[in-house]
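So the sequence lines, in the order shown, correspond to chains G and U. Position one of the first sequence corresponds to residue 1 (this note's numbering), numbered consecutively onward. Position one of the second sequence corresponds to residue 1001 (this note's numbering), numbered consecutively onward. The C-beta atom is built at its ideal place from N, Cα and C for all residues, glycine as well. Note that this is a predicted model, so its numbers are computed, not measured.
Protein chains: 2
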Amino acid sequence: MDKKYRIQNAETIPSPSLVVYLPHVQYNIEHAIATVGGDVSKLRPHAKTHKTAEIIAMEREAGILKHKCATLREAEMLAQNGIEDILIAYQMVGPNVNRFVSLQLKYPDADFKVIVDHEESVTALASAAARLGLNVKVMLDLDVGMNRTGIPLGDAAVDVYAQIEAVDGLQPWGLHVYDGHIHDEDVADRKASCDKSLAQVEEMKDRLVSKGLDVPLIVMGGTPTFPIYAKTPGVEASPGTFVFHDHGYTTHFPDLGFAPAALLLSRVISIPTPRRITLDLGHKAIAADPDGVRGIVLNVDGAEVGKQHEEHWAINVPDSTPIHIGQEIYVCPTHICPCVALHPFYYVVDADGYCRGTWEVTARNRTL
Amino acid sequence: MDKKYRIQNAETIPSPSLVVYLPHVQYNIEHAIATVGGDVSKLRPHAKTHKTAEIIAMEREAGILKHKCATLREAEMLAQNGIEDILIAYQMVGPNVNRFVSLQLKYPDADFKVIVDHEESVTALASAAARLGLNVKVMLDLDVGMNRTGIPLGDAAVDVYAQIEAVDGLQPWGLHVYDGHIHDEDVADRKASCDKSLAQVEEMKDRLVSKGLDVPLIVMGGTPTFPIYAKTPGVEASPGTFVFHDHGYTTHFPDLGFAPAALLLSRVISIPTPRRITLDLGHKAIAADPDGVRGIVLNVDGAEVGKQHEEHWAINVPDSTPIHIGQEIYVCPTHICPCVALHPFYYVVDADGYCRGTWEVTARNRTL
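Right, dumping it as structure tokens:
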């Protein structure tokens, strides 16, 4: 295992626990800023990965002043921590429509933006905003192939954007494009995929502008496509995972240059056979997403993850003889974002490798 | 969809949310008691599924006075709610050893038991207990084929049990056997699998007793094997899932006779195509375990779950035309236990189908 992940006072940390290495977080933030050539106006990190007030403070300290988020609780956390430019990249439906407009009243200094992709959403949002006398900034969510949310580029998209302009209470504020389907490990291929999306988005923007509609903002991409949008004029990039990074993105996208900054600290609770150990790290502590390998063991040579349960993980090892009950095991998760949401707080580790306390996962819950 | 799951005031519940139907919980508790022929002394439900004080109160009201749990926080929740007989069916390692013995000091009225499966665990536990002048009741965890924790039946198991008796600070308190590997859908096959385990466990008990060792308690099984151990003399059954039940166990073990009592309330946030809708129900709200189908949609005919993300779930439908943005979608999870741990509280629905408030998931976190 890379020595930089060894925690000098690991015996003070109960397991299973999430641990975050602050020097690596700091490095990732600085590397993100270097990736946009120092122009922080191009950076809108997604708060869904860390959900943590202290991380927002670290980003602010580095000059990052605007954020993206998915839940109302994340949006409120951002507003509470002095962030004035907040994009909620999530469609508001049901009771969340009124909760969102109430948030605007509660934090008048924050400049909230939200996305829509359907005329019914526009109507519901406009009705709630107009009732409170608000003027809500709304971005159109475009689908460039993710097949998740977003309206396909075309006439219907233009119509919905024009509808935002036409109704009382809403103000059209540009285009939002998430492209998590772009998975090319080869950098040139990934750039080609992004260029294809960019051409479509530019064409859509031109159509809207030619109709006299304002398009003040375009927000695109996640962590894998970040290096491309970082260099694209007129586009804000919105990486999320980078701040903690994980095994999945490190393996598939080594070109990104970020370092894993969050691990799971586990311990051996059972040594059933000469070839198997069992960890106290079930899928209630390290997320079951993705299917398959949910993380890798860093400090046991030849370890291969086996069957996982709620509070247990069977690990196959070449030889369990030298391993002892209670031994600390460091695991790098394949997908960090859902892991953070499983923990109420994480232990923070300093540059000397010492755990110095805990930071709350402030926006772990969805409720305000 | 079965009308009994329709929530009359669903529009008051933000989504995604966990909802629990109290009449069905009550039914499941009563059905569990009926399964042991009314003899509640045979029942030791696992608190890991619900992690909730009010559910413990419902069980106590029905006469259930002893529980099993996995985490120290669950154990503390049980003690705080007046439960005096608490089995922590989890190996204590690292800082958890001292945290466990401290719990005994903090709740002197509670009769805690814990499990071990390795001589190193016995030594660590004995050392901590003796230091505080405690006498801890310890059960030997046996592996009858689950391959997770537990010592295989045989001479080594006898030696560890004798070691518990021999050291200061510990008191041998019987055998713990979890058999989640028994998956036979056919009831006769399942009984045959259980009988095989039972014969082994009985033989082990006889060996221990013949050596002059006490074996006051045998705790076996989970929900699928519950009907078998419910009828086995000298054995306590410890089902967990039954209290809320789920789609997975309903499908694989219809003989159990429990009813799903917990659903996820979701809403349509996007209708991208005539054949697809997207729900606000990602794997941060419905657990990603098991691999594959993580839940089924109850109130859209022909709905088939597709790709899921952190806050989104694509659902393929025969025709999205009649579906509207914000429409409530009821989802029955395949595996309820890890879903509960994703929520800070759940909405409780009464016999008339009205949501009457929320109950906290008290032991959601692992920390005391």
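**Message:** Quick check: what's the CA-CA separation for residue 1092 (chain U) versus residue 1284 (chain U)?
**Reply:** 28 angstroms
**Item:** Nearest candidate by alpha-carbon position, reference residue 1217 (chain U), set U:1227, U:1228, U:1233
**Value:** U:1233
**Request:** Quick one: list the residues of chain U neighbouring residue 284 (chain G), beta-carbon separation under 7 angstroms, in chain order.
**Result:** 1338, 1341
**Asked** Hey, out of U:1192, U:1151, U:1171, whose CA is closest to residue 1177 (chain U)'s CA?
**Response** U:1151
**Identity of the residue in U:1319, U:1080, U:1049, U:1157 nearest residue 1368 (chain U) by Cα** = U:1080
**Item:** Boundaries of the beta strand (DSSP E) in which residue 185 (chain G) is found, first to last residue
**Value:** Here residue 185 (chain G) belongs to no beta strand (DSSP E), and DSSP marks it neither H nor E.
**Request:** Below 7 angstroms between beta carbons is the criterion; list the residues of the segment 1312-1336 of chain U that meet it against any residue of chain G, in chain order.
**Result:** 1312, 1314, 1324, 1325, 1326
**Prompt:** Which ranges does the beta strand (DSSP E) cover as unbroken runs of at least 3 residues, wholly within the segment 171-233 of chain G, from first to last along the chain?
**Reply:** 218-220
**Asked** Unbroken beta strand (DSSP E) runs of length 3 or more, entirely within the segment 1267-1296 of chain U: which are they?
**Response** 1276-1279
**Prompt:** Using DSSP with H/G/I as helix, E/B as strand and the rest coil, what is residue 1067 (chain U)?
**Reply:** strand
**Partner residues on chain U for residue 269 (chain G), Cβ-Cβ distance less than 7 angstroms** = 1091, 1093, 1149
**Request:** In the DSSP assignment, find the unbroken alpha helix (DSSP H) run with residue 1362 (chain U) in it and report its ends.
**Result:** Per DSSP, residue 1362 (chain U) belongs to no alpha helix (DSSP H) and is neither H nor E.
**Asked** Should residue 1303 (chain U) be labelled buried (16 or more other beta-carbon atoms within 10 Å of its own) or exposed?
**Response** buried
**Prompt:** What's the gap between the Cα of residue 1125 (chain U) and the Cα of residue 1095 (chain U)?
**Reply:** 11 angstroms
**Request:** With 8 angstroms as the threshold, decide whether the Cβ of residue 12 (chain G) is near any Cβ in chain U.
**Result:** yes
**Prompt:** On the three-state DSSP scale, how would you describe residue 73 (chain G)?
**Reply:** helix
**Asked** Any idea what DSSP makes of residue 1022 (chain U), helix, strand or coil?
**Response** helix
**Request:** Given a cut-off of 8 angstroms, decide if residue 1224 (chain U) and residue 1258 (chain U) are closer than it, judged by their beta-carbon atoms.
**Result:** no
**Message:** According to DSSP, is residue 1046 (chain U) part of a helix, a strand, or is it coil?
**Reply:** strand
**Request:** Mind listing the chain U neighbours of residue 387 (chain G)? Cutoff is C-beta to C-beta under 8 angstroms, in chain order.
**Result:** The shown model of chain G, from 1 to 368, leaves out residue 387 (chain G), and the question about it has no answer.
**Prompt:** Who are the near neighbours of residue 338 (chain G) in its chain, counting only those whose CB is closer than 6 angstroms to its CB and skipping five residues on each side?
**Reply:** 287, 289
**Item:** Contacts that residue 247 (chain G) makes with chain U (C-beta to C-beta distance below 8 angstroms)
**Value:** Near residue 247 (chain G) there are no residues of chain U at all, since even the closest Cβ is about 16 angstroms away, more than 8 angstroms.
**Item:** Given residue 255 (chain G) as reference, the closest of G:65, G:190, G:173 once Cα atoms are compared
**Value:** G:190
**Message:** Please state whether the Cβ-Cβ distance between residue 99 (chain G) and residue 68 (chain G) is less than 8 angstroms.
**Reply:** no
**Prompt:** Would you call residue 105 (chain G) buried or exposed, if buried means 16 or more other Cβ atoms sit within 10 Å of its Cβ?
**Reply:** exposed
**Request:** Anything in chain G within Cβ reach of residue 1120 (chain U), meaning under 9 angstroms, just list it in chain order.
**Result:** 271, 324, 325, 326
**Message:** Going by beta-carbon coordinates alone, are residue 236 (chain G) and residue 215 (chain G) separated by less than 8 angstroms?
**Reply:** no
**Prompt:** Excluding sequence positions up to five away, which residues of its chain have a Cβ less than 8 angstroms from the Cβ of residue 33 (chain G)?
**Reply:** 40, 43, 62, 63, 64
**Prompt:** Between which two residues does the beta strand (DSSP E) containing residue 1333 (chain U) stretch?
**Reply:** 1328-1333
**chain U contact residues for residue 278 (chain G), given Cβ-Cβ distances below 8 angstroms** = 1148, 1149
**Asked** Using the C-alpha atoms, what's the distance from residue 1174 (chain U) back to residue 1115 (chain U)?
**Response** 9 angstroms
**Prompt:** Nearest chain U C-beta to residue 99 (chain G) closer than 8 angstroms, yes or no?
**Reply:** yes
**Message:** Short of 6 angstroms in beta carbon distance, which residues of its chain neighbour residue 318 (chain G), apart from the five on each side in sequence? Order them along the chain.
**Reply:** 302
**Message:** Cutting at 7 angstroms between CB atoms, please list the residues of its own chain near residue 1308 (chain U), excluding the five before and the five after it.
**Reply:** 1282, 1283, 1294
**Asked** Going straight from the alpha carbon of residue 1107 (chain U) to that of residue 328 (chain G), what length do you get?
**Response** 29 angstroms
**Asked** Going by beta carbon distance, what residues of the same chain come within less than 8 angstroms of residue 1013 (chain U), once the five residues before and after it are set aside?
**Response** 1007, 1019, 1265, 1347, 1355
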